[in-house]
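Undergrad: Before I ask anything, here is the structure I am working with.
2 protein chains.
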Amino acid sequence: KIPGMAITRLSIYSRILAGIDDGRTISSKELAELSGHSDSQLRRDLTYFGQFGIPGKGYQVKELKRRIHSILGIDRTWNVALVGAGNLGSALARYKGFELQGFKIKAVFDNNKRKIGRTLGNVTIQDMEELPRSAKKRNIKIAVITAPMEAAQELASLLTEAGVKAILNFAPVRIFVPSKVKLVNVDLAMELENLSYFLAKAGKG
Amino acid sequence: KIPGMAITRLSIYSRILAGIDDGRTISSKELAELSGHSDSQLRRDLTYFGQFGIPGKGYQVKELKRRIHSILGIDRTWNVALVGAGNLGSALARYKGFELQGFKIKAVFDNNKRKIGRTLGNVTIQDMEELPRSAKKRNIKIAVITAPMEAAQELASLLTEAGVKAILNFAPVRIFVPSKVKLVNVDLAMELENLSYFLAKAGKG
Ligand SMILES: NC(=O)c1ccc[n+]([C@@H]2O[C@H](COP(=O)([O-])OP(=O)(O)OC[C@H]3O[C@@H](n4cnc5c(N)ncnc54)[C@H](O)[C@@H]3O)[C@@H](O)[C@H]2O)c1
Ligand SMILES: NC(=O)c1ccc[n+]([C@@H]2O[C@H](COP(=O)([O-])OP(=O)(O)OC[C@H]3O[C@@H](n4cnc5c(N)ncnc54)[C@H](O)[C@@H]3O)[C@@H](O)[C@H]2O)c1
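Each protein sequence line maps, in turn, to chains A and B.
Each residue of the first sequence is one higher than the one before, counting from 2 in my numbering.
Each residue of the second sequence is one higher than the one before, counting from 2 in my numbering.
This is the structure we're talking about:
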C-alpha cells in the first residue's frame, strides 16, 4: 500500500519540476534538494510508482513530468462542483490556481435563494435542486464541500448519488461516504493547532 | 520523535471529546471508533504524550480533554496576524471557527492602499509598514500568509523578524524560515491532486 505522504510528495516533486526546463536531465539528489526531501526518500517514493530514469544518469525532466502528471491524474481536466457559496467557497471559486493544475470549477450550488443566479468566478450559482441533473450533465467527478457542518453529511450523500466519486470536505465534521468514493478532509483550524502544539512544547506561549 | 500525524490525530480526538459529557469515562476503544482510528493507534498516539487513564478503566473525559488541550496549546488564546487581505485572507479573517479553538485574528495587513483602513471581521486592515510595531504590541506569535507567492518569502522573513514564531503559509511556494520558527504549508491544489490521483488509479477519469 502506498503511503498518503508519498502522493503528497509526488505533488511537491511535480511543482519543482514545473520550474525546470524540459530538455534537461536531473539527478535524484538535485530534485530531492530542491523539494526539501532526502535523496533516499525521493527514490523510495518513485519506486512505489514504477521504474524511473537510468541508474547513474538521472531522470529526463520531460519524461518524469509526463509520468508524474499521469500518475496524479493532472494530465487531464477535471470538472469540479462546489457546494456552499459562502466566504470560503467564494474564495475557492475565484482562485485561478486550480485551473492551472487541471481542476475547473464548472458548477457552484447554494440553498440561499438570494445567492442563486449571481455569478461567482465564471459560473452562475445554481439552486441545490439542480445538482443531480447538472452534475451528470457536466460529468462532474470531484466536488468540494464549503457548506456549514450541519449540512455536510447530507450534501456528501447527495453528491455521491449524483455520481461524484471524490469529495474535498472543508466542514469540520466527520462525514461518511461509500467505500468507492474518495474523501479528503481539510480542517484549517487543525493546521493552526499544529502550530500551537509546537509553540506550547517550546514553552513560547 | 513524535510523528506529525500523531499530533493531527490528537486534534481529531479532541474534536470528538468536545461532544462528550465531562462527567463520563470513555474507553480507548469507544473513542477510537468515534474518531475513525483503531484502538491500538489511539493508545500508541497517547503514549507519545505520557500516561493516560487507568488500564482497564478507560479515561476520565474531563481529565483527558484538559491534558490534550494543554498538549495542543489550545487551553489558552493565541493572537494571530494575517497578511494578504484578498479572497482567501478575507474568508479566513471572517471565520468564527478559529476563535472557538483559541486563535484570535488580531491584525490583518495588506500592501494595497485601497484596502488599508477597511474593516474585515472585527479588525481594521493595516499597512504593511505597521507590521513590526503592531506584531510586538499585540504579542503576535502566529501568522497566516495569504498573499501571492511572489511575496511569501519576503513576508516570512519580515514576520520572523517581528517576533512571530509560527507561520501557516497558503502560498503555493517553498519558503524558508529560521530553525526556531515552525512553518506549516497548506496547498489546497495539492488536496485536489490527492483526489485526482485516486480517480486516475481507479480508471475513473
Ligand atoms: N471561512 C473559512 O475560512 C473557513 C475555515 C475553516 C473551515 N471552514 C468551513 O467551511 C465551511 C464554509 O465556511 P464559510 O466561512 O464559507 O461559511 P459561510 O456561512 O460564509 O458559507 C456557507 C454557505 O453555505 C450555504 N449553505 C448552507 N447550507 C447549505 C445547504 N444545505 N446546501 C447548500 N448550501 C448551503 C450558505 O447559504 C452559505 O452561502 C464551514 O463548514 C466552515 O466550518 C471555513
Ligand atoms: N483563493 C483561494 O482559494 C486559494 C487557494 C489556494 C491557494 N491560495 C493562495 O493563497 C494566496 C492568496 O490567494 P487569494 O486568492 O486570496 O489572492 P488575492 O489576490 O485575492 O489576495 C492577495 C492579497 O495579498 C495582497 N498582497 C499582495 N502582495 C502583498 C505584499 N507584499 N504584502 C502584503 N499584502 C500583499 C494583495 O493586495 C491582496 O489583497 C495566494 O498565494 C494563492 O496562491 C488561494
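Backbone N, C-alpha and C define an ideal beta-carbon position, used for all residues, glycine too.
Values in this document were obtained by computation on a predicted structure and should not be read as measured data.
T78(A) lies in the alpha helix (DSSP H); which residues open and close that run?
TA: Unbroken run through T78(A): none, as it is neither H nor E.
Undergrad: Less than 7 Å between C-beta atoms, sequence neighbours within five positions excluded: which residues of the same chain meet that for N140(A)?
TA: If we look at N140(A) and ignore the five residues flanking it on each side, its Cβ neighbours are N80.
Undergrad: Starting from the Cα of L93(B), find the closest Cα among E64(B), D76(B), F171(B) and give me that residue.
TA: The shortest Cα separation from L93(B) among E64(B), D76(B), F171(B) belongs to F171(B).
Undergrad: Whole angstroms is fine: what's the gap from T120(A)'s alpha carbon to I126(A)'s?
TA: If you take the alpha carbons of T120(A) and I126(A), they lie about 6 Å apart.
Undergrad: Answer yes or no: the CB of T147(B) versus the heavy atoms of ligand 4, is any distance below 7 Å?
TA: As far as ligands go, the structure on display features ligand 1 and ligand 2 and does not contain ligand 4.
Undergrad: Is A144(B) near L160(B), with beta carbons less than 8 Å apart?
TA: Cβ atoms of A144(B) and L160(B): closer than 8 Å.
Undergrad: Assess contact between the region 180–192 of chain B and the region 192–199 of chain A, defined as three or more Cβ pairs (one per stretch) separated by less than 8 Å. Is contact present?
TA: The answer is yes - the region 192–199 of chain A touches the region 180–192 of chain B, with three or more Cβ pairs under 8 Å.
Undergrad: Answer with buried or exposed for M191(A), where buried requires no fewer than 16 other C-beta atoms within 10 angstroms of its C-beta.
TA: Classification for M191(A): buried.
Undergrad: In chain order, what residues of the same chain lie with their CB nearer than 8 Å to the CB of M150(B), ignoring the 5 residues before and after it?
TA: Contacts found: A172, P173, V174.
Undergrad: Please identify the residue among L32(B), G85(B), V84(B), N88(B) whose C-alpha is closest to the C-alpha of V62(B).
TA: The option with the nearest alpha carbon to V62(B) is L32(B).
Undergrad: Is it buried or exposed for G85(A), if we count other Cβ within 10 angstroms and need 16 for buried?
TA: With 16 or more Cβ atoms within 10 Å of its Cβ, G85(A) is classed as buried.
Undergrad: Among the residues of its own chain, which have a CB less than 7 Å from the CB of S135(B), if the five just before and after it don't count?
TA: Cβ within range, chain order: A108, Q127.
Undergrad: Measuring straight from C-alpha to C-alpha, what distance separates V178(A) and I168(A)?
TA: Near 9 Å, if we compare the C-alpha coordinates of I168(A) and V178(A).
Undergrad: Which residue or residues does DSSP assign as beta-bridge partners of Q127(A)?
TA: F110(A), per the DSSP bridge assignment.
Undergrad: With a cut-off of 8 Å on the beta carbons, I'd call G206(B) and G74(A) a contact; round off their distance for me.
TA: The Cβ separation is near 6 Å, so the contact holds.
Undergrad: Roughly how far, in whole angstroms, is the beta-carbon of G90(B) from the beta-carbon of L83(B), given that I think they are within contact range, below 8 Å?
TA: So it is a contact: roughly 6 Å between Cβ atoms.
Undergrad: Whole angstroms are fine: how far does the CA of G59(A) sit from the CA of R95(B)?
TA: Approximately 48 Å between the Cα atoms of the pair.
Undergrad: Would a C-beta distance cut-off of 8 Å place I106(A) and G87(A) closer than the cut-off?
TA: Contact flag unset, no.
Undergrad: Leaving out five residues before and five after T78(A) in sequence, what residues of the same chain have Cβ atoms less than 7 Å from its Cβ?
TA: Same-chain partners within the cutoff: G103, K105.
Undergrad: In three-state terms, what does DSSP make of V182(B)?
TA: In this structure, V182(B) counts as coil in the three-state DSSP scheme.
Undergrad: What is the rounded straight-line gap between the Cα of F50(A) and the Cα of I72(A)?
TA: Their backbone Cα atoms lie some 8 Å apart in a straight line.
Undergrad: Determine the chain B residues that contact P173(A) at a beta-carbon separation under 9 Å, and present them in chain order.
TA: Within 9 Å Cβ-Cβ: R16, G98.
Undergrad: Using the three-state DSSP reduction, which class does G98(A) fall into: helix, strand or coil?
TA: Here G98(A) sits in helix by DSSP.
Undergrad: Determine the extent of the alpha helix (DSSP H) in which N140(A) is found, giving its start and end residues.
TA: N140(A) -> no alpha helix (DSSP H), and no H or E assigned at all.
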